[in-house]
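Notes follow once the structure below has been shown.
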Amino acid sequence: MLVFFWSERSGPARRMESLLAHLARKERERLRVRRVDVDASPEVAERFKVEVVPTLVLVKNKQALARLEGRTSAPRIEAMLEPHLPPVLALA
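Going by the working numbering, the first residue of the sequence shown is number 1068, and it counts up by one from there.
See below:
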């Protein structure tokens, strides 16, 4: 699961929303994307040591596997995710 920590107060986080929505559609078979508003759920942000908004945290079995902090690009997100996602199966 990719957790997107954001805040309505953060311009960079708001600008990343469409990027994350596109990623969620593109990778829907391999990845769940969840949004966490750090203002509404500060305890979750604290548990994952979020200090910068936006922050992306890849989580598996309640453990953080990888993270990106600050505004980022689709290629950087995909590079972070790829080693951790199941392979795409090609149909013959």
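A virtual CB, placed ideally from N, CA and C, is assigned to each residue, including glycine.
Whole-number beta carbon distance between residue j and residue i, since they are thought to touch under 8 Å
| i | j | result |
| --- | --- | --- |
| A1112 | F1072 | 6 Å |
| V1105 | S1140 | 22 Å between Cβ atoms; not a contact. |
| F1124 | A1080 | A small correction: the amino acid at residue 1124 is Val; Phe does not occupy that position in the sequence shown. With a Cβ gap of about 14 Å, V1124 and A1080 do not count as contacting. |
Cross-strand partners of residue i (DSSP beta bridge)
| i | result |
| --- | --- |
| D1104 | W1073 |
| L1125 | L1069 and A1133 |
Proximity below 9 Å, CB of residue i to CB of residue j
| i | j | result |
| --- | --- | --- |
| M1147 | R1101 | no |
| H1151 | K1127 | yes |
| Q1135 | T1122 | According to the sequence shown, residue 1135 is Leu rather than Gln. Cβ distance < 9 Å, so L1135 and T1122 count as in contact. |
| E1145 | L1090 | yes |
| R1097 | P1153 | yes |
C-alpha distance - residue i paired with residue j, whole-angstrom precision
| i | j | result |
| --- | --- | --- |
| L1086 | R1143 | 12 Å |
| S1108 | K1129 | 17 Å |
| R1099 | V1155 | 15 Å |
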